[in-house]
Amino acid sequence: MKIYETWENMQNMCQSEMQQRELWGKYYMDETEAYKKILGDKTFVLKGTVKEIADSLNLETVIFAPFADGINTSLEKELDTKALEEETEIEMTILPEKLYYNMLSAKAKWLYELKEWDGVLDKEKRLEITRVWRSDHQAVSNKTVGRNDPCPCGSGKKYKNCCGR
């Protein structure tokens, strides 16, 4: 059985909300420790079998499945995470700037605020990535209101007789 299928089966077996919280709580703790190790050791190329890489990060192979799925978009070349088995040979080249950006997107504050980032990306670089992320996720409307269009405030009046004065 593929390790991602095993992970999905574990989730499906959790019938209560408490069981779900326990499963995800364990995952988040293990994930945090794996990122601390990667960032602390500055190991941005992980190469070997899935089992070897999982062991090097102190992850169970079943926990490695969602970890690989989460980090996948931060890799130089994405993996087919659904097809991974313990003996699958893989190479994961992690792009730190992209990883930081994706952690911001995932709103994973417990990960992008790790002190281990200090040795990888300086504070200025992290602030620059955060600025780019914010501008990428800022809603912008290109539509302008014509003077005879209904006012966007919802008054029902024409724009020129309402907010356009």
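Residue numbering for the sequence shown is 1242 to 1406, as defined by the working numbering.
Ideal Cβ placement from N, Cα and C applies to all residues, glycine included.
{"query": "Closer than 7 Å by C-beta to TYR1268: which residues in its own chain qualify, once you throw out the five before and the five after it? Chain order, please.", "result": "ILE1304, PRO1307"}
{"query": "Just to check my reading of the structure: ASN1299 and GLU1274 have Cβ atoms closer than 8 Å, yes? What is that Cβ distance to the nearest angstrom?", "result": "6 Å"}
{"query": "Could you give the residue range of the alpha helix (DSSP H) that holds LEU1280?", "result": "1258-1282"}
{"query": "Answer with buried or exposed for ARG1375, where buried requires no fewer than 16 other C-beta atoms within 10 angstroms of its C-beta.", "result": "exposed"}
{"query": "In the DSSP assignment, the alpha helix (DSSP H) including GLY1397 goes from what residue to what residue?", "result": "Premise fails: GLY1397 is in no alpha helix (DSSP H) and is neither H nor E."}
{"query": "For SER1315, which option in GLN1261, GLU1332, GLU1246, ASP1390 has the closest C-alpha, if you only look at C-alpha atoms?", "result": "GLU1332"}
{"query": "According to the Cβ coordinates, are ALA1295 and THR1302 closer than 7 Å?", "result": "yes"}
{"query": "In the DSSP assignment, find the alpha helix (DSSP H) that holds ILE1331 and state where it starts and stops.", "result": "From DSSP, ILE1331 is part of no alpha helix (DSSP H) but of the beta strand (DSSP E) over 1330-1334."}
{"query": "Can you tell me the Cα-Cα spacing of MET1270 and LYS1398, whole angstroms?", "result": "55 Å"}
{"query": "Taking three-plus beta-carbon pairs below 8 Å as touching, is the stretch 1357-1364 in contact with the stretch 1381-1388?", "result": "no"}
{"query": "Going by beta carbon distance, what residues of the same chain come within less than 7 Å of LYS1323, once the five residues before and after it are set aside?", "result": "LYS1243, TYR1245"}
{"query": "Give me the Cα-Cα distance between GLY1266 and LEU1280, rounded to the nearest whole angstrom.", "result": "21 Å"}
{"query": "THR1290 lies in the beta strand (DSSP E); which residues open and close that run?", "result": "1286-1290"}
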